[in-house]
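Participant: Numbering (mature numbering (1 follows the signal peptide of the UniProt record, and there is no 0)), first residue to last: -19 to -1, 1 to 143.
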C-alpha cells in the first residue's frame, strides 16, 4: 500500500515537472517595459534544469515553495526579465500583466537567464515557460524572485499557460 502511494506521488511529480503548455498561436513579444536592467545579486541564482523538481504544472510558486493562498489580484505587479547575460545581468523587462496566454512569444534576442520579479512574492496562478526556437520544448520557471540560468539554449521564446 505504501509503495503504491509513493509510486503514484512520484509519477505525479514527474508529470508536473514535464508539463507542456498549450500553444494556440505565435506572436512577437512586443515592446519591453525597460532594457539594460541588471538585477544581478538581487535574487538567489539557480540553474533552471536543476530546479525542475520543484515545478507544479501551470503555476509559479512563491519563493517559500508554497502554493498561493489568494489568487485574486496578487499576481500583479509582476515582471519577467529575460537576460542576455548569466546571473540576471543585462535584462529586458516585460510586464506579465499585458502578455497573452497560450501564445508562443518570440523575443528578438537570445537570453541565457530569467527571473520573475514580483514584489508580493505570492507566486502566480499560471505557469511561465521558456524555450529554444521552434516552440516545441519548454522549461518552466518554477518560482518568482529567483534568477535562473537556463541551460540548453539559445533561448528565444516563452509561453504563459493557462
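Even for Gly, the Cβ is constructed at its ideal location relative to N, Cα and C.
1) What's the C-alpha gap between residue 74 and residue 126?
2) Could you check what DSSP says for residue 78 in three-state terms: helix, strand or coil?
3) Distance, Cα to Cα, residue 51 vs residue 57?
4) Under the rule that 16 or more other beta-carbon atoms within 10 Å means buried, what is residue 8, buried or exposed?
5) In terms of residues, what are the limits of the beta strand (DSSP E) holding residue 130?
6) Pick from 63, 141 and 16: whose alpha carbon is nearest that of residue 105?
7) Have a look at residue 98 and residue 82 and give me their C-alpha separation to the nearest angstrom.
8) Taking all protein chains shown into account, do 16 or more other C-beta atoms lie within 10 angstroms of the C-beta of residue 15, making it buried, or fewer, making it exposed?
9) For residue 4, write down the residues that DSSP places opposite it in a beta bridge.
10) Is residue 18 closer than 8 Å to residue 80 when the C-beta atoms are compared?
11) Looking only at C-alpha atoms, which of 88, 120 and 119 sits nearest to residue 137?
12) Would you mind working out which of 24, 27, 113 and 96 sits nearest residue 76, comparing C-alpha positions?
13) Identify whether residue 30 lies in helix, strand or coil by the three-state DSSP scheme.
14) Taking the beta carbon of residue 47 as the centre, do at least 16 other beta carbons fall within 10 Å, making it buried, or is it exposed?
15) Provide the residue span of the beta strand (DSSP E) that contains residue 23, from first to last.
Facilitator: The relevant details are as follows:
1) Here the question's residue 74 lines up with position 93 in the chain shown. Here the question's residue 126 lines up with position 145 in the chain shown. So the alpha carbons of these two residues sit roughly 14 Å apart.
2) Translated into the one-based positions of the chain shown, residue 78 becomes position 97. Residue 78 falls in the helix class under three-state DSSP.
3) Counting from 1 along the chain shown, the entry for residue 51 is found at position 70. Counting from 1 along the chain shown, the entry for residue 57 is found at position 76. Residue confidence is low: residue 51 scores 47 on pLDDT, short of 50, so the model does not pin down where it sits. Its coordinate-derived value is still stated next. Taking the straight line from one Cα to the other gives about 12 Å.
4) As a working mapping, residue 8 is identified with position 27 in the chain shown. The residue in question, residue 8, is exposed, as its Cβ has fewer than 16 Cβ neighbours within 10 Å.
5) Your numbering for residue 130 matches position 149 in the chain shown. Unbroken beta strand (DSSP E) run through residue 130: 128 to 130.
6) If you number the chain shown from 1, residue 105 lands on position 124. Of the listed residues, the one whose Cα sits closest to residue 105 is 141.
7) Residue numbering aside, residue 98 sits at position 117 when the chain shown is read from its first letter. Residue numbering aside, residue 82 sits at position 101 when the chain shown is read from its first letter. Roughly 18 Å between the two C-alpha positions.
8) On the chain shown, residue 15 is found 34 positions in, with the first residue counted as 1. Counting Cβ neighbours within 10 Å, residue 15 comes out exposed, since fewer than 16 surround it.
9) Here the question's residue 4 lines up with position 23 in the chain shown. Partner(s): none; residue 4 has no beta bridge.
10) If you number the chain shown from 1, residue 80 lands on position 99. If you number the chain shown from 1, residue 18 lands on position 37. No, the Cβ-Cβ distance between residue 80 and residue 18 is not below 8 Å.
11) Residue mapping note: residue 137 aligns to position 156 of the chain shown, counting from 1. The shortest C-alpha separation from residue 137 is found at 88.
12) Along the chain shown, one-based indexing puts residue 76 at 95. For residue 76, the nearest C-alpha among the options comes from 96.
13) Here residue 30 refers to the residue found at position 49 when the chain shown is read from its first residue. Three-state DSSP puts residue 30 in a helix.
14) Your numbering for residue 47 matches position 66 in the chain shown. Confidence at residue 47 is low in this model, with a pLDDT of 48, below 50, so its placement is unreliable and no value can be given for it.
15) Sequence index remark: in the chain shown, residue 23 carries index 42 (1-based). Unbroken run through residue 23: none, as it is neither H nor E.
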